[in-house]
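Trainee:
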Amino acid sequence: MAKKILIGVGAVLGIVVLAAVGLIGWLTVTEYKPDAVEHVEVEVPDGPHAPFPAPGDSVTILSQNTGYAGLGKDSDFFMDGGGDVAPTKEQQESNQSGLAAQLEQYGADVYFLQEVDTNSSRTHGVDQSFLYWDAAIRAGAGFTSHALNYSCDFVPFPWPPIGKVHSGLQTLAAFPVDRAERVALPCPFSWPVSAANLKRCLLVSYVRLEGTDKELVLVNLHLEAYDDGEGKAAQTKMLMDFLTAEYEKGNYVIAGGDFNQTFPGALDAFPIQDPALWTPGVLEQDILPQGWQFACDLTVPSCRLLNHPYDPDPAGNQFYVIDGFILSPNVRLDSVETLDLQFQYTDHNPVSLRATLLDQ
């Protein structure tokens, strides 16, 4: 009897090992491996649109990590110390509707959105980029592009598994975008983890400036979150190399999004309560060349930790300021404000920027 039990256990273990090897092999063969730079299609709206901006004009940009409409005030997340893996269909639909309504009411010239799913199990196959585009069209910002930074047909962890994920960055604009590119960032994960993990990128939009041969370069970003810090540092360095190269061409540069790193002074405003939980990296002032500047609001948190649902008592939450902008020297900061929406539909509050392209 004991021999039969051992044979049975061995057979089961063998099947499990073969299944795991097969899964890893399949993920390796189907791994998303984008080129260093890829063209991204810009969808053009019907009807009239805003004119090209020109030096001397002001532009408004709103950055919002949408959290794939799955990380609202009632949610926690397993990677932050919570238990949730995916939202219910009801949560997702409610959060999507709320986010779309907010986009429609803001009236910004440009929207930088992060964590926008196009076909994922966690969001029930909904193309969120289309929903947000539709809302932005009604707000007058109908030029849109989307770049994948996570594309895997089956993410096998945790339990139950995440499943299929196709998600990324979306940029919407009121004025014409000449072209857009997906610029790959370094991936800090090695095989086999890399086969089912994010492939971070920059979504770069180029806008012609009226009356000049220069361009406004808009860079939507979402840097590494759950690494040992080296990934964030490598991605930040590549980001700054890219931004400074564009500025040296004479272009105007605005980069914004979720840095997953706190801005200078942010830890004084919102200290880390428990270092054992998720802790962001730190953006140091000295990464910026002379004349460049960060733009962030240190009075209102831009993100909350998802170790439990949102607590109406501010003292019951871990807050961060990890969303904001970087501006080149020929862009003047007029205002930056984090809108305190109490994390109703996502774990990030939107950040609104107003800046002027200096007439030089």
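Once you know that position 126 of the sequence shown is 403 in my numbering, the rest is easy, because the numbers rise by one and skip nothing. Ideal Cβ positions, reconstructed from N, Cα and C, are used throughout, including at glycine.
Give me the residue from 518, 574 and 554 with the minimum Cα distance to residue 540.
Mentor: For the purposes of this step, residue 540 is taken as residue 263 along the sequence shown, with counting starting at 1. For residue 540, the closest alpha carbon among the candidates 518, 574 and 554 is that of 574.
Trainee: For the region 525-544 against the region 597-615, are there 3 or more C-beta pairs whose distance is under 8 Å?
Mentor: Flag = yes, the region 525-544 and the region 597-615 touch.
Trainee: Who are the Cβ neighbours of residue 521 in its own chain at under 7 Å, not counting the five residues just before and after it?
Mentor: Residue 521 sits at position 244 when you count from the first residue of the sequence shown. Cβ neighbours of residue 521 beyond the five flanking positions: 566.
Trainee: Please indicate yes or no: does the CB of residue 508 lie closer than 6 Å to some heavy atom of the ligand ZN?
Mentor: Within the structure as shown, the ligand ZN is missing, as the structure has no ligands at all.
Trainee: Using three-state DSSP, classify residue 564 as helix, strand or coil.
Mentor: For the purposes of this step, residue 564 is identified with residue 287 of the sequence shown, where counting begins at 1. Residue 564: helix per DSSP, three-state reduction.
Trainee: Per the DSSP calculation, residue 587 is bridged to which residue(s)?
Mentor: Residue numbering aside, residue 587 sits at position 310 when the sequence shown is read from its first letter. According to DSSP, which records beta bridges pairwise, residue 587 is partnered with nothing at all.
Trainee: Per the contact definition of three or more C-beta pairs closer than 8 Å, is the region 341-352 in contact with the region 377-397?
Mentor: yes
Trainee: Exposed or buried, what is residue 581 when buried is set at 16 or more other beta-carbons lying within 10 Å of its beta-carbon?
Mentor: On the sequence shown, position 304 is the one that residue 581 refers to. Its Cβ being crowded by 16 or more others within 10 Å, residue 581 is buried.
Trainee: Suppose contacts are defined by Cβ-Cβ distances below 7 Å. Is residue 633 in contact with residue 335 by that definition?
Mentor: Position 356 of the sequence shown, counted from the start, is the residue given in the question as residue 633. Position 58 of the sequence shown, counted from the start, is the residue given in the question as residue 335. Going by C-beta atoms, residue 633 is nearer than 7 Å to residue 335.
Trainee: Can you list, in chain order, the residues of its chain with a C-beta nearer than 7 Å to that of residue 322? Leave out the 5 residues immediately preceding and following it.
Mentor: Sequence index remark: in the sequence shown, residue 322 carries index 45 (1-based). Result list for residue 322: 414, 419 and 420, in chain order.
Trainee: When the distance is taken between beta carbons, is residue 494 closer than 7 Å to residue 523?
Mentor: In the sequence shown, residue 523 corresponds to position 246, counting from 1. In the sequence shown, residue 494 corresponds to position 217, counting from 1. Cβ distance < 7 Å, so residue 523 and residue 494 count as in contact.
Trainee: Cutting at 6 Å between CB atoms, please list the residues of its own chain near residue 587, excluding the five before and the five after it.
Mentor: Within the sequence shown, the letter at position 310 stands for residue 587. Answer for residue 587: 350 and 620, listed in chain order.
Trainee: Can you check whether the CB of residue 502 is closer than 7 Å to the CB of residue 537?
Mentor: The residue labelled residue 537 in the question sits at position 260 within the sequence shown. The residue labelled residue 502 in the question sits at position 225 within the sequence shown. Cβ distance < 7 Å, so residue 537 and residue 502 count as in contact.
Trainee: Taking only the alpha-carbon atoms, compute the straight-line gap between residue 355 and residue 432 and give it to the nearest angstrom.
Mentor: Residue 355 sits at position 78 when you count from the first residue of the sequence shown. Residue 432 sits at position 155 when you count from the first residue of the sequence shown. When rounded, the distance between both Cα atoms is 14 Å.
Trainee: Classify residue 288 as buried or exposed, calling it buried when 16 or more other Cβ atoms lie within 10 Å of its own Cβ.
Mentor: Within the sequence shown, the letter at position 11 stands for residue 288. Any answer about residue 288 is weak, because its pLDDT of 49 lies below 50 and its placement is not dependable; what the coordinates show is given next. The residue is exposed, with fewer than 16 neighbouring Cβ atoms inside 10 Å.
Trainee: Taking a contact to mean a Cβ-Cβ separation below 7 Å, would you say residue 406 touches residue 442 in this structure?
Mentor: As a position in the sequence shown, residue 406 is number 129, starting the count at 1. As a position in the sequence shown, residue 442 is number 165, starting the count at 1. It is not a contact, given that the beta carbons lie outside the stated cut-off.
Trainee: Nearest CA to the CA of residue 596: which residue from 571, 608, 625 and 481?
Mentor: Start at 1 with the first residue of the sequence shown, and residue 596 comes out as number 319. Comparing Cα-Cα distances from residue 596 to each of 571, 608, 625 and 481, the minimum goes to 625.
Trainee: I'd like the ranges of any beta strand (DSSP E) spanning at least 3 consecutive residues and lying wholly in the region 364-438.
Mentor: Here the runs fully enclosed are 387-394 and 420-432.
Trainee: Helix, strand or coil for residue 492? Go by DSSP, reduced to three states.
Mentor: The sequence position of residue 492 within the sequence shown is 215, counting from 1. The answer is strand: DSSP assigns residue 492 an E or B state.
Trainee: For residue 617 and residue 578, I'd like the C-alpha separation in whole angstroms.
Mentor: Within the sequence shown, residue 617 is the residue found at index 340, counting from 1. Within the sequence shown, residue 578 is the residue found at index 301, counting from 1. Whole-angstrom Cα-Cα distance: 8 Å.
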